[in-house]
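Numbered according to the working numbering, the sequence shown spans residues 105 to 422. Don't be surprised by glycine CBs; every beta carbon is placed ideally from N, CA and C.
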Amino acid sequence: MSRLYTIYSALKKNISKAIIGSEDKVDLALVTLFCGGHMLIDDVPGTGKTMLAKTLAASIDCSFKRVQFTPDLLPTDLTGVNYFDMKTSSFEFIPGPVFSNILLADEINRATPKTQSGLLECMEERQVTVDGKTYRLDSPFMVIATQNPVDNLGTFPLPEAQLDRFLIKTDMGYPDHENSNIIIGKYSCMTAEVVPVVNKKDVIEAIGLINDIYVHSDIIDYVSTIIERTREHKDVVLGSSPRAGIHLVKAAKAIAGFADRSYVLPDDIQRAAIPVLAHRLVLRSSARVKANEDSEIINEIIKSVPVPTETVFERGIS
105 MSRLYTIYSA LKKNISKAII GSEDKVDLAL VTLFCGGHML IDDVPGTGKT MLAKTLAASI
165 DCSFKRVQFT PDLLPTDLTG VNYFDMKTSS FEFIPGPVFS NILLADEINR ATPKTQSGLL
225 ECMEERQVTV DGKTYRLDSP FMVIATQNPV DNLGTFPLPE AQLDRFLIKT DMGYPDHENS
285 NIIIGKYSCM TAEVVPVVNK KDVIEAIGLI NDIYVHSDII DYVSTIIERT REHKDVVLGS
345 SPRAGIHLVK AAKAIAGFAD RSYVLPDDIQ RAAIPVLAHR LVLRSSARVK ANEDSEIINE
405 IIKSVPVPTE TVFERGIS
């Protein structure tokens, strides 16, 4: 059993005490964390979006901040502000909530585009610039943003540039009847069972181990073809960027590591494709009327791209 798999297993077991019946969503959150990425959860109220973020943070000995996004929220409410100290006659920087390891941006689409854009530098470059001075953020740094797809009154849809910063977008979904019984019956004690099982050094170590997972050149070519097909699809105005391809390979590496493998298979790419790529597509108006059309397009593309031979993917084998 590898060190990466040990860290992953400890976190998943701990988070699953509070997140019932959503093992695949827990995996996606851990993929995002171990890839050094950010996650957008898009679902109706009461499905466990905030609970997943809080439970992930509680499972790691790290700093956690939550910001409720509202129309009057300012960029400096996130990044921090220079405060003039009358006693010392000098400015002192007061760090904002982005100076944390895990930031929950609750209902992110209720803030104005100006405030939403305040997260761009943080998410991409892991730094904040205030009044011309740059401050580095702590590592690891992960933004978990939530939004409600049903109530659009008073919201500001995230622009493509912002969506492209999220490694993964997913929903939570409703639990089945059996898991619903468990959730309703033990809700009051679920979060009390969650305690830190790893620390920041463990997470940073896991990120490094995932970077070391081998990706064969045939897999890279497979990913490039998928990315190119998103740009060529008849229902797509704007397809996936090279950043999307990089994110897809990163996510596939994490999925391989979670299977205790040191190399990526085409199946890992296929499993990561929808949560990594679907939210980056800009569809034609005729295609947007269909629910989940972006996911269907990714599925269609995956089926159309020839899968490379499976015997060549382990390091040193060709």
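**Report entry** Spatially closest choice to Ile330 from Ile373, Val319, His320, Val247, by CA coordinates
**Finding:** Ile373
**Report entry** At least three beta-carbon pairs within less than 8 Å, the region 145–163 to the region 184–203
**Finding:** no
Query raised in the report: Thinking C-alpha only, which one of Val353, Asp275, Pro244, Gln266 is nearest Val302?
Result: Pro244
Requested in this report: Go through its chain and collect everything with a Cβ distance to Ala358's Cβ below 7 Å, but skip five positions before and after it.
Outcome: Val135, Phe138, Cys139, Ile314
Requested in this report: Taking only the alpha-carbon atoms, compute the straight-line gap between Asp398 and His383 and give it to the nearest angstrom.
Outcome: 7 Å
Query raised in the report: Ile286 to Pro346, Cα distance in whole Å?
Result: 43 Å
Report task. Compute the Euclidean distance between the alpha carbons of Ala161 and Leu208, then round it to the nearest angstrom. Result -> 9 Å
Requested in this report: For the region 190–228, list the beta strand (DSSP E) runs that are entirely contained and at least 3 residues long, ordered along the chain.
Outcome: 194–199, 206–210
**Report entry** Residue closest to Asp275, alpha-carbon to alpha-carbon, out of Arg375, Glu400, Asn205, Lys129
**Finding:** Lys129
Query - Gln251 burial status per 10 Å Cβ neighbour count (16 or more: buried) - result: buried
Query - Residue environment, Gly361, which counts as buried when at least 16 other CB atoms sit within 10 Å - result: buried
Requested in this report: Spell out a yes or no on whether the region 176–189 and the region 139–151 are touching, meaning 3 or more CB-CB pairs, one atom from each, closer than 8 Å.
Outcome: no
**Report entry** Pairwise C-alpha distance: Gly258 and Gln172
**Finding:** 14 Å
Query raised in the report: So which of Asp181, Lys290, Ile288 has the shortest CA-CA distance to Lys218?
Result: Asp181
Requested in this report: Measure the CB-CB distance between Thr64 and Ile119 and report whether it falls below 9 Å.
Outcome: Residue numbering for the chain in the displayed model covers 105 to 422; residue 64 lies beyond these limits and cannot be assessed.
Query raised in the report: What are the start and end residues of the alpha helix (DSSP H) that includes Thr250?
Result: Element bounds for Thr250: not the alpha helix (DSSP H) but the beta strand (DSSP E), 246–251.
Query raised in the report: Got a sec? Which residues, its chain only, sit under 7 Å from Leu387 by beta carbon, not counting five neighbours each side?
Result: Asp339, Val340, Val341, Glu397, Asp398
**Report entry** Pick from Glu127, Ala356, Ala249, Ser390 that is closest to Ile378, judged by C-alpha positions
**Finding:** Ala356
Query raised in the report: Between the C-alpha atoms of Ile402 and Pro410, what's the straight-line distance to the nearest angstrom?
Result: 14 Å
Query raised in the report: Can you give the Cα-Cα distance for Ile164 and Val299, rounded to whole angstroms?
Result: 8 Å
Requested in this report: Compare the C-beta of Lys290 against all C-beta atoms of chain D and say whether one is closer than 9 Å.
Outcome: Going by chain labels, chain D is absent from the structure shown, which holds only one protein chain.
Report task. Quick one: measure Cβ to Cβ for Phe168 and Ile206, integer angstroms, because I've assumed they're closer than 8 Å. Result -> 5 Å
Query raised in the report: Where DSSP assigns a beta bridge to Phe362, which residues make up the other side?
Result: In DSSP, Phe362 forms no bridge with anything.
Query raised in the report: Between the Cα of Asn256 and the Cα atoms of Tyr112, Asp146, Ile324, Ile311, which residue gives the shortest distance?
Result: Asp146
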